[in-house]
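What follows is a short report on a single structure.
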C-alpha cells in the first residue's frame, strides 16, 4: 500500500542552503528510520537497490491552493520559525509499519537535525487535504479498481526536475517510453498486480510546456526538466489497457518518475481534467 505523507515542520534556527540538498534530506529520512529501527536505517543507507520511498525538497508553506511547482533550490537561508513541509512517500507497507511508532508517538518538541538547524515535526498528514494535494494513501488494489477504463487524457505536472537513464547516459525528455516504463517498473516491483499485455504504443503527447533546470547540489550537475505535459490514448484500445495506463498515471503521485526520486527529483503528479484545462488556457494566453 503506497502512502504519501506530508510532514509539517518548524525550524528553530535558520536552515542554510548548503543543508537543503537532496543528500542532507536523504540523511534526515534515514535518521527518522534509525530512530525506530536502526538495522533498517543502516540497510537503507548501504543499499544501492531501488528503494521503496521517495522524498521531496523542503518546501516553505505558502498560501495558495495548487502546488503545480515546487521549490527545489534555495539561494537564501530559511529563517527560524518559518512553517515548512516535506513529502515522504512509502511504496510498501513494510516501511510504513516500521515507522508507525514514530507517527504514533510524535513529540512536537523533539528536535530533528538538518545541518546546523533543529526542526520540530508539528504534524503529519496522510489523507487527502483540499489545500495539500501531496497527502494521500490508497491500496494498490484500490488504485487499480478506481482507475478509469475510458479516460484517454493523461496530464502531468513535473514539479521537480525529471531525468531518465538510457544506457550509459541521461535524457531529460519525458517521452512516453521513459515516463510509463518508469511507472510500470515500480508498479510491478511493489504492487503485486502484474500488467502482462500492456502496451504504450497508443500513447501520444498532446500538450508540452517544459523547461530545463540545472541543479548543482550533487557531485556532478543534475539536469532535468519541469513543467507540464499531456498525453492522449489514441486509436482502438481495449478498455483493460486504458484502465492499466490510468492506474499507472494515478500511481505517479506516490512513486515519481526517473532518477534520484529518493533525493527530491522526479516528483510528478497527475492533474485533473479541470486543472489541466485551466493550465493549458493560461499557457495559451501567454503565447
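In my numbering, the protein residues as written are 4 to 290.
Quick reminder that beta carbons are idealized off the backbone N, C-alpha and C, glycines included.
Remember, predicted model here, so these are calculated numbers, not experimental data.
query, result
"Spatial distance of residue 34 from residue 46 (CA atoms)", "12 Å"
"Assumed close pair residue 238, residue 165 - CB separation to whole angstroms, cut-off 8 Å", "Between residue 165 and residue 238 the Cβ distance is about 27 Å, and since that is not below 8 Å, they are no contact."
"Residues of its chain near residue 186, where Cβ-Cβ distance is below 7 Å and the 5 sequence neighbours each way are ignored", "251, 254, 255, 258, 260"
"Residue 64, buried or exposed, once every other Cβ within 10 Å from all chains shown has been counted against 16", "exposed"
"Contact set for residue 271: own chain, Cβ-Cβ below 6 Å, skip 5 residues either direction", "159, 161, 255, 259, 260"
"Residue 107, buried or exposed, once every other Cβ within 10 Å from all chains shown has been counted against 16", "exposed"
"Option in 225, 226, 122 with minimal Cα separation from residue 86", "122"
"Cβ pair residue 56, residue 28 closer than 8 Å", "no"
"Residue 171 to residue 181 span [Cα, whole Å]", "15 Å"
"Per DSSP, the bridge partner or partners of residue 11", "88, 126"
"Span of the alpha helix (DSSP H) around residue 257", "242-258"
"Identity of the residue in 8, 110, 269 nearest residue 138 by Cα", "8"
"Secondary structure of residue 141, DSSP reduced to three states", "coil"
"Residue 209 - DSSP class collapsed to helix/strand/coil", "strand"
"Nearest neighbour of residue 41, chosen from 145, 102, 117, 116 [CA to CA]", "102"
"Per-residue DSSP class, three states only, for residue 62", "strand"
"Proximity of residue 175 and residue 226 at Cβ, strictly below 8 Å", "yes"
"Residue of 32, 73, 44, 61 minimising C-alpha distance to residue 19", "61"
"Exposed unless 16 or more other CB atoms sit within 10 angstroms - verdict on residue 133", "exposed"
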